[in-house]
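A.B. asks:
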Amino acid sequence: MHGCHQEIARWLEPLGAHVRIDAAGNLRGVYPAARPNAPRLLIGSHLDTVSNAGAYDGILGVVLAIALLEELRGRRLPFAIEVVGFSEEEGVRFGTPFIGSRALVGGLAEELLGVQDARGISVRKAIETYGLDPTKISEAELHSDALGYLEFHIEQGPVLEKLNLPLAAVDGIAGQSRLEFVFLGRTNHAGTTPMHLRCDAIAGAAEWISVVERLAREVSGLVATVGKIEAKPGAANVIAGEARLTLDVRHISDEIRVRTVEDLIRQAQELAARRGLTVQESHLLNQPAVAMDSFFIGQIEQAIVQTGCKPHRMASGAGHDAMILAEKVPSAMIFLRTPGGISHDPAESVLQDDVEKAIACGLHLLNQLASSPDFYKRTNRA
Ligand code: HGY
Ligand code: MN
Ligand code: MN
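Read in the numbering used here, the sequence shown has 48 at position 48, and its numbers run on one by one without any break.
(1) Taking 7 Å as the cut-off, is the C-beta of V57 nearer than that to any heavy atom in ligand 2?
(2) Can you tell me the Cα-Cα spacing of G234 and A240, whole angstroms?
(3) Return the chain-ordered list of same chain residues with a C-beta closer than 6 Å to the C-beta of I127, the five sequence neighbours on each side being excluded.
(4) In terms of alpha-carbon separation, which member of F94, N286, G85, D57 lies closest to R124?
(5) Looking at the unbroken alpha helix (DSSP H) that takes in Y438, where does it start and where does it end?
(6) Can you tell me which residues form a DSSP beta bridge with K232?
(7) DSSP three-state label for H2, please.
(8) Which residues mark the beginning and the end of the alpha helix (DSSP H) in which M323 is found?
(9) Report the partner residues of N188 according to the DSSP bridge assignment.
(10) Beta carbon of A318: closer than 7 Å to some heavy atom of ligand 2?
(11) Going by Cα to Cα distance, which pick from E180, E230, V249, L41 is closest to E213?
(12) Quick check: is any heavy atom of ligand 2 less than 7 Å from the C-beta of H344?
(13) Is D354 helix, strand or coil by DSSP?
(14) Measuring alpha carbon to alpha carbon, tell me which of F86, L113, G91 ends up nearest G100.
(15) Given 8 Å as the limit, is there contact between the region 291-306 and the region 212-229, that is, 3 or more CB pairs closer than that?
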């Protein structure tokens, strides 16, 4: 991340932006306005990735923000532009997403700083090891001069490709629940233990995983994923005594999502009891669905039309920092088509022509906002 921040600073500073890394590890690059003490518009995305990721999820939103500054060719607007590269949006290392963006809305709670990674290193320790001071996290918070937040991001799904559209305005982001389940049975010998005398944690977890998939297939718009499973002791000739797995549930309706999680917890407990297992679940995230800002959505659609493309509105199944920023400032997203709908994989890609259209759309958007009296009337929701 040090190297990534240095590279991005090398792109931003020649454009006249002042770059710093805040105490939550977010890159903050401010491109000044035409006059001092002007309000600011934030444009950015996250710089971290999932393991074995593609090359566009997150970073494309930061690079597009920098490309817009380049396209301004030194022109200053009535508002400053703050390019933000968020840390820890994916939640891979600490199990909890949106750590960097929470710092901007004052949501980086004390207990989150204590959460540890697989090696027992806490968020607080990781911040110190990077060379930052976790006691200064409150300084990362947005001030009342923030007019809003825009995020360019790949769709990460098949919708725009099916519609043969390059760009879309996001009108809402699905809520997401993340939990960890631990099924506990009894380790035993694979050769000498008859089937009816087993308390097999992996077999129990496997039965429950098929329940997760079946339930999600039955509810429209619901997705549920067991993305990680670890078994102990993990030997071919030993019946597993422990199976630890993650659950990710998403839906645009919070009521359906929460009810699904409750149902899956109940079914895990019933199945465990039937198999002589115990099961413990821990809640890692309960992120409500978030609507994007209607003024921005209208402005984005207008800019898409100006770019010569057909406007389209859609919800995002993926979570984004915009859903955290929306707690404090009007926020919105512009999606770019994802060829093959493939993401969170090295095969993730974008079409260069779509990226050019995204830059043109972003420039139309900046010019629209620069001349919009309504834009300046907006105030922080803080
Ligand atoms: O998992 C997600 O929704 C996103 O990629 N952070
Ligand atoms: Mn992602
Ligand atoms: Mn992302």
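Glycine included, C-beta positions come from ideal geometry on N, C-alpha and C.
If you're wondering where the values come from, they're calculated on a predicted model, not measured in any experiment.
C.D. replies: With the given structure in hand:
(1) A small fix is needed here, since residue 57 is Asp in this sequence, not Val. Checking the Cβ of D57 against ligand 2 gives yes.
(2) 7 Å
(3) Around I127, the same chain offers P134 as residues with beta carbons nearer than 6 Å, after the five sequence neighbours per side are excluded.
(4) F94
(5) This structure cannot settle anything about residue 438, because the visible part of the chain is limited to 1 through 382.
(6) E242
(7) helix
(8) 322-325
(9) I239
(10) yes
(11) V249
(12) yes
(13) Three-state result, D354: helix.
(14) F86
(15) no
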